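> Dropping a structure here in structure tokens format, bear with me for questions.
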Amino acid sequence: MSVDDTDEDTHTLTVSAEEAGERLDRMLANRVQALSRSRIKTLVLAGQVTIGDYAIRDPSHRVQAGNEISIVVPPPEPAAPEPETIPLNIVFEDDAIIVIDKPAGLVVHPAAGNWTGTLVNALVAHCGESLSGIGGVRRPGIVHRLDKDTSGLLVVAKTDRAHRKLAAQFADHGRTGPLERGYLAFIWGVPARPKGTIDRPLDRHPQSRDKMAIREGGREAITHWEVQERYLDGANQPVASLLECRLETGRTHQIRVHLASIGHPLLGDSVYGAGFKTKAIRLLPPGQVALSTLDRQALHAHILTIAHPVTGEIMRFRAELPADLAALRCALASPLPGGPPST
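In our numbering, each number is its position in the sequence shown, counted from 1, plus 380.
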């Protein structure tokens, strides 16, 4: 059966009765002649192959007759990133690692739509050839990421040894080691309890592939949160809160999706909190002004604890709120009675 090209980067097809029971990667390699089997395997592992509404990440998955399969092929990527002189707020640096306090608006590594002006471009200029190559030419030294519009702490490996050691810590999620990642999140509303845990799996959104969603069968995702401050509206009713969130896993958009799932999306989050935009009228006037000028989700990675990949020393880094979130915090007014803020 022929392949239906819905656009230049997407292929869709229907599994025939003769193909039922075949491995997904083998069947696709036979049907989509323009793609090698190794390329198809890479696309499957990247979540670019879907059956119906579900991304299939197992190349050995057995297909069934009548399965509707879509393959999204990203556009060709340019060569290795060029060095660019972009200011970096360096918190710590030695021969093995560099810790950055990333500003909001800075993309971590080159990708479609952001081939230049990224943190990697800045790191290539700053570190020269002393970045780990394990992440590939477009992600040298990158062990973990922050969303473009999330500010805060991020560690980068400068050697392959450091990369392997750090990657192991992040893969362990701090369950047996010192790794700790803490975030400050300004959210709509006030949770009914002072603290809690969200344990819900995440995967690509079935209709919008640039978004994440809570989906059964997705990857494990666990977020711990605790209320730090509560903010009042003009009627002296709680309208927003400041949470401290600790990640037990580190999935794409994890905090943003998890908090939205319990009815408390981040202030300024146009992707997962768009339905709450009208609530801004409940904020006191200074809060309305601060939020209108924020232009990003109110999320900041303020704590990072790692074991140094060479010395084993426990290193704890802290980044205070950047100017825009500090201004938002002040504008949201004083917290309810109950003690000084613990942030």
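We put the CB at the ideal spot given by N, CA and C, even for glycine. Since we're looking at a predicted model, the values are computed, not measured.
(1) For the beta strand (DSSP E) that Lys-575 lies in, which residues bound it at each end?
(2) Beta-carbon separation of Leu-477 and Pro-689 under 8 Å?
(3) Provide the residue(s) that pair with Thr-430 in DSSP beta bridges, ordered along the chain.
(4) Roughly how many angstroms lie between the CA atoms of Glu-473 and Thr-691, to the nearest whole one?
(5) Cutting at 7 Å between CB atoms, please list the residues of its own chain near Lys-538, excluding the five before and the five after it.
(6) Where does the unbroken beta strand (DSSP E) through Val-570 begin, and where does it stop?
(7) Going residue by residue through the stretch 656 to 692, where are the continuous beta strand (DSSP E) segments of at least 3 residues, counting only ones entirely within it?
(8) Applying the 10 Å Cβ sphere with the 16-neighbour rule, what's the burial state of Glu-600?
(9) Should Gly-562 go down as buried or exposed, given a rule of 16 or more other Cβ atoms within 10 Å for buried?
(10) How long is the line joining the alpha carbons of Gly-576 and Thr-603, rounded to whole angstroms?
(11) How is the beta strand (DSSP E) around Thr-390 delimited, first residue to last?
(12) Taking the beta strand (DSSP E) that Thr-603 belongs to, which residues open and close that run?
(13) Count the other C-beta atoms from every protein chain shown that fall within 10 angstroms of the C-beta of Thr-386, then say buried if there are 16 or more, exposed otherwise.
(14) Determine, using beta carbons only, whether Glu-624 comes closer than 8 Å to chain D.
(15) Assuming contact is defined by CB atoms lying nearer than 8 Å, are Leu-393 and Val-443 in contact in what I supplied?
(16) For Gly-719, is the classification buried or exposed, using 16 other Cβ atoms within 10 angstroms of its Cβ as the cut-off for buried?
(17) My understanding is that Leu-379 touches Asp-649, with C-beta atoms under 8 Å, so please give their C-beta distance in whole angstroms.
(18) Name the DSSP bridge partner or partners of Leu-534?
(19) Restricting to Cα atoms, I'd like to know which of Ala-491, Ala-484, Val-452 and Arg-555 is closest to Ile-420.
(20) Which residues in the same chain have their Cβ closer than 8 Å to the Cβ of Ala-375, if we skip the five residues on either side of it in sequence?
(21) To which residues of the same chain is Ala-542 closer than 8 Å at the C-beta, ignoring the five residues directly before and after it?
(22) Does the beta-carbon distance from Pro-574 to Arg-595 come in below 8 Å?
(23) Whose C-beta lies closer than 6 Å to the C-beta of Leu-408 among residues of the same chain, with five residues either side of it excluded?
(24) Taking the alpha-carbon positions, what's the Pro-463 to Lys-659 distance?
(25) Quick one: what's got a C-beta closer than 8 Å to Thr-496's C-beta in the same chain, skipping five residues either side?
(26) How many Å lie between Ala-502 and Gln-634 at the Cα?
(27) Contact check, Leu-647 vs Ile-578 under 8 Å by CB: the rounded distance?
(28) Could you work out which residue in Val-619, Val-504 and Gln-413 is closest to Ala-711 when comparing CA atoms only?
(29) Could you tell me the alpha carbon to alpha carbon distance between His-638 and Ser-440, rounded to whole angstroms?
(30) Which value, in whole angstroms, describes the spacing of the CA atoms of Leu-622 and Glu-606?
(31) Please tell me whether Leu-533 and Ala-681 are closer than 8 Å, where the distance is taken between their beta carbons.
(32) Ordered along the chain, which non-local residues of its own chain (more than five positions away) have a Cβ less than 6 Å from that of Gln-428?
(33) I'd like to check one pair, Leu-679 with Thr-530: are the Cβ atoms closer than 8 Å?
(34) Under the assumption that Phe-697 contacts Gly-630 (Cβ atoms under 8 Å), give the Cβ distance between them as a whole number of angstroms.
(35) How is Asp-583 classed by DSSP in three states: helix, strand or coil?
(36) Please report how far the alpha carbon of Leu-671 lies from the alpha carbon of Leu-559, in whole angstroms.
According to the structure data:
(1) For this step, residue 575 is matched to residue 195 along the sequence shown. Note, Lys-575: beta strand (DSSP E), 575 to 579.
(2) For the purposes of this step, residue 477 is identified with residue 97 of the sequence shown, where counting begins at 1. For the purposes of this step, residue 689 is identified with residue 309 of the sequence shown, where counting begins at 1. The sequence given here has Ile at residue 477, not Leu. Result yes, Cβ atoms of Ile-477 and Pro-689 sit closer than 8 Å.
(3) As a working mapping, residue 430 is identified with position 50 in the sequence shown. The partner list for Thr-430 (beta bridge, DSSP) reads Ala-435 and Ser-450.
(4) Here residue 473 is taken as the residue at index 93 of the sequence shown, counted from 1. Here residue 691 is taken as the residue at index 311 of the sequence shown, counted from 1. In a straight line, the C-alpha of Glu-473 is about 14 Å away from that of Thr-691.
(5) On the sequence shown, residue 538 is found 158 positions in, with the first residue counted as 1. Excluding sequence neighbours, Lys-538 sits near Asp-475, Ala-476, Ile-477, Ile-478, Cys-507, Ser-510, Leu-511, Ser-512 and Gly-521.
(6) In the sequence shown, counting from the first residue as 1, residue 570 sits at position 190. Per DSSP, Val-570 belongs to no beta strand (DSSP E) and is neither H nor E.
(7) 679 to 687
(8) Stepping through the sequence shown from its first residue, residue 600 is reached at position 220. Its Cβ having fewer than 16 others within 10 Å, Glu-600 is exposed.
(9) Within the sequence shown, numbered from 1, the residue matching residue 562 stands at position 182. That one is buried.
(10) Walking along the sequence shown from the start, residue 576 turns up at place 196. Walking along the sequence shown from the start, residue 603 turns up at place 223. Using only the alpha carbons, I get a separation of about 9 Å.
(11) Here residue 390 is taken as the residue at index 10 of the sequence shown, counted from 1. 390 to 394 is the span of the beta strand (DSSP E), which, as asked, contains Thr-390.
(12) Here residue 603 refers to the residue found at position 223 of the sequence shown. Element bounds for Thr-603: 602 to 612.
(13) Position 6 of the sequence shown holds residue 386. Residue confidence for Thr-386 is low, a pLDDT of 35 falling below 50, so the modelled location carries little weight; the figure read from the coordinates is stated next. By the 10 Å Cβ count, Thr-386 comes out exposed.
(14) Of the chains in the structure shown, none is chain D; there is only one protein chain.
(15) Mapped onto the sequence shown, residue 393 falls at position 13. Mapped onto the sequence shown, residue 443 falls at position 63. No, the Cβ-Cβ distance between Leu-393 and Val-443 is not below 8 Å.
(16) Residue 719 sits at position 339 when you count from the first residue of the sequence shown. At Gly-719 the pLDDT is 37, less than 50, meaning the model places this residue with poor confidence and gives no usable figure here.
(17) Missing from the structure shown is residue 379; the chain here goes from 381 to 723 and no further.
(18) Residue mapping note: residue 534 aligns to position 154 of the sequence shown, counting from 1. Answer by DSSP bridge pairing, in chain order: Ile-480.
(19) Taking the sequence shown and counting its residues from 1, one reaches residue 420 at position 40. Of the candidates Ala-491, Ala-484, Val-452 and Arg-555, the one whose C-alpha sits nearest the C-alpha of Ile-420 is Val-452.
(20) Because the chain spans 381 through 723 in this model, residue 375 falls outside it and cannot be assessed.
(21) Sequence index remark: in the sequence shown, residue 542 carries index 162 (1-based). If we look at Ala-542 and ignore the five residues flanking it on each side, its Cβ neighbours are Ala-476, Ile-477, Ser-512, Pro-689 and Val-690.
(22) Within the sequence shown, residue 574 is the residue found at index 194, counting from 1. Within the sequence shown, residue 595 is the residue found at index 215, counting from 1. In this structure, Arg-595 does not lie closer than 8 Å to Pro-574 by Cβ.
(23) Locating residue 408 in the sequence shown gives position 28, counting from the first residue. Same-chain partners within the cutoff: Ile-420.
(24) Counting from 1 along the sequence shown, the entry for residue 463 is found at position 83. Counting from 1 along the sequence shown, the entry for residue 659 is found at position 279. Straight-line Cα distance between these residues: approximately 43 Å.
(25) Position 116 of the sequence shown, counted from the first residue, corresponds to residue 496. Closer than 8 Å at the Cβ level, and outside the excluded window around Thr-496, lie Pro-461, Glu-462, Glu-464 and Pro-490.
(26) Position 122 of the sequence shown holds residue 502. Position 254 of the sequence shown holds residue 634. Going from the Cα of Ala-502 to the Cα of Gln-634 covers about 26 Å.
(27) Within the sequence shown, numbered from 1, the residue matching residue 647 stands at position 267. Within the sequence shown, numbered from 1, the residue matching residue 578 stands at position 198. The Cβ separation is near 18 Å, so there is no contact.
(28) Translated into positions along the sequence shown, residue 711 becomes position 331. When only C-alpha atoms are compared, the closest one is Val-619.
(29) In the sequence shown, counting from the first residue as 1, residue 638 sits at position 258. In the sequence shown, counting from the first residue as 1, residue 440 sits at position 60. Here the alpha carbons of Ser-440 and His-638 stand approximately 30 Å from one another.
(30) Locating residue 622 in the sequence shown gives position 242, where the first residue counts as 1. Locating residue 606 in the sequence shown gives position 226, where the first residue counts as 1. Leu-622 and Glu-606: Cα-Cα distance of roughly 9 Å.
(31) The count along the sequence shown starts at 1 and reaches residue 533 at position 153. The count along the sequence shown starts at 1 and reaches residue 681 at position 301. Yes, Cβ-Cβ distance for Leu-533 and Ala-681 is below 8 Å.
(32) To locate residue 428, count along the sequence shown from 1; it is residue 48. Closer than 6 Å at the Cβ level, and outside the excluded window around Gln-428, lie Val-452.
(33) Indexing the sequence shown from 1 puts residue 530 at position 150. Indexing the sequence shown from 1 puts residue 679 at position 299. Contact: yes.
(34) For the purposes of this step, residue 697 is taken as residue 317 along the sequence shown, with counting starting at 1. For the purposes of this step, residue 630 is taken as residue 250 along the sequence shown, with counting starting at 1. Actually they do not touch by this definition, with Cβ atoms about 16 Å apart.
(35) Against the sequence shown, residue 583 aligns to sequence position 203. Asp-583: strand per DSSP, three-state reduction.
(36) On the sequence shown, residue 671 is found 291 positions in, with the first residue counted as 1. On the sequence shown, residue 559 is found 179 positions in, with the first residue counted as 1. Each residue's alpha carbon lies about 32 Å from the other.
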